[in-house]
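The structure under discussion appears below in the form of structure tokens.
In the numbering used here, the protein residues as written are 1062 to 1334.
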């Protein structure tokens, strides 16, 4: 997907065992470690979880490589983990200036809950612009869900894409009590919002993301393109050629572009006119 959209193929390596010499020098590191060791839906094994090995290895390498800017993203549960304490202590011992902030799309006026913790660590000239405590962004005017819904998707028999997004009536009857549903009549009401879309959306029926109730009464999943729009990906960003479950797994593991913009504006050196 990255190569298709940016014409640059990333290097794919096992970070559990990557050698220090194989990591190039860089001005900025962005890390989004697996969240399962810290999430409410995981077993919360924290640093003992095998999926935490790659992150522990990269924390070790930070002390040698010392990139000027490090940005780390994870779920809210990460804030109360042993890993978070280990990370912050390591960064401070290496003389990084460290700030932690929680950002959610709702802070930028987007009607979707997706709270995430971001750790910002900087060295020297890249010191955090506003000091050690990054302020929350200025509240934005709330947007309505109607701005993000693709009305070309419908449930007619000749619309394959729309049909594929429908929840079966059997599953609707069985799980509707535990599904967060937004009605089509409420899409222009800015007080309505969607719950966080996870990588399990489309295959998991509980607490994995909201569904839309159509005029007919049927429930449909929000499309990957609609979720990308909520995350403020560019309209031309493409997931073409991928099966629908893979698309949902990718968008469910993604990040809010607005949050990245806000963080980069806080740490990148400002240009002098």
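Where a beta carbon is used, it is the ideal one built from N, C-alpha and C, also for glycine.
Handout entry: Contact under 8 angstroms by Cβ, residue 1311 with residue 1062
Key = yes
Handout entry: The beta strand (DSSP E) enclosing residue 1310, as first and last residue numbers
Key = Looking at the DSSP string, residue 1310 is not in any beta strand (DSSP E); the run it does join, the alpha helix (DSSP H), is 1305-1313.
Exercise for the section: Look at the Cβ atom of residue 1280, then the Cβ atom of residue 1242, and state whether they are nearer than 8 angstroms. Expected result: yes
Handout entry: Alpha carbon of residue 1244 to alpha carbon of residue 1251, nearest angstrom
Key = 13 angstroms
Practice task
Have a look at 1133, 1314 and 1203 and flag the residue whose alpha-carbon is nearest the alpha-carbon of residue 1145.
Solution key: 1133
Exercise for the section: Confirm, please, whether the CB-CB distance from residue 1099 to residue 1160 is below 8 angstroms. Expected result: no
Practice task
Count the C-beta pairs between the segment 1197-1215 and the segment 1256-1267 that are closer than 8 angstroms, then say yes if the count reaches three, no if not.
Solution key: no
Problem - Reduced DSSP secondary structure (H/G/I, E/B, other) of residue 1084 - result: coil
Practice task
Could you tell me how far apart the beta carbons of residue 1316 and residue 1093 are, in whole angstroms, since I believe they sit closer than 8 angstroms?
Solution key: 7 angstroms
Problem - CB-CB length for residue 1225 against residue 1275, believed under 8 angstroms - result: Contact flag wrong, Cβ pair sits at about 14 angstroms.
Handout entry: Euclidean distance between Cα positions of residue 1258 and residue 1296
Key = 19 angstroms
Practice task
Would you mind reading off the limits of the beta strand (DSSP E) that contains residue 1346?
Solution key: No information on residue 1346 is available, as it lies outside the stretch 1062 to 1334 that the chain covers here.
Exercise for the section: Tell me whether the beta-carbon of residue 1118 lies closer than 8 angstroms to the beta-carbon of residue 1076. Expected result: yes
Practice task
Please list, in chain order, all residues of the same chain as residue 1191 whose beta carbon is under 7 angstroms from its beta carbon, the five residues on each side excluded.
Solution key: Because residue 1191 sits at a pLDDT of 49, beneath the cut-off of 50, its placement in the model cannot be relied upon, and the following sentence gives the value as read from the coordinates. 1327.
Practice task
Please go through the segment 1193-1234 and give each complete beta strand (DSSP E) segment of 3 or more residues, from N-terminal end onward.
Solution key: none
Problem - Cβ neighbours of residue 1110 in the same chain (closer than 6 angstroms, five flanking residues each side left out) - result: 1098
Practice task
Can you tell me which of the three DSSP states residue 1281 falls into?
Solution key: strand
Problem - Beta-bridge pairing of residue 1242 - partner residues as DSSP gives them - result: Per DSSP, 1272.
Practice task
Figure out for me which residue from 1073, 1222 and 1072 has the closest Cα to the Cα of residue 1285.
Solution key: Residue 1285 has its Cα closest to that of 1222, out of 1073, 1222 and 1072.
Exercise for the section: Can you have a look at residue 1080 and say buried or exposed, based on whether 16 or more other CB atoms are within 10 angstroms of its CB? Expected result: exposed
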